[in-house]
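Residue 1033 is where the sequence shown starts when you use this note's numbering, and the numbers rise one by one after that. We treat Cβ as the ideally placed atom computed from N, Cα and C, and that holds for glycine. Just below is one structure, and these are the notes that go with it.
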Amino acid sequence: MVAEETRSRAFRNGGVGSRSSEWVEEYPVTSVTVLFGIGVGVGLLLGHTLAQAAGRRLMHHDTLTEKLTSQIRDVLKSALPAGLSRHLS
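Following this line, the structure appears as structure tokens:
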């Protein structure tokens, strides 16, 4: 009942938004996933912007994996010949 009323309203308005409503009807899971992703992206962008405006920059602290990777890279750079070590940068 509601779906038919919505369709008739779109038809009376000259099909405004009919392509998008048809796409949502054909692909309901995909449309919800896309809109959820857009909402998360906008939320992250807005949150980051507000954090910068408040003077609190988002700090990145190296994880254990990043520290170990850096140490291994430094050891390999010092142990390998100069020709090979330049590829590790």
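Would you please state the rounded distance, in angstroms, between the beta carbons of residue i and residue j? I believe it to be under 8 Å.
i     : j     : result
V1056 : S1063 : 5 Å
What's the gap between the Cα of residue i and the Cα of residue j?
i     : j     : result
H1093 : Q1103 : 16 Å
T973  : H1080 : The structure shown has nothing for residue 973, since the chain only spans 1033 to 1121.
T1101 : T1095 : 10 Å
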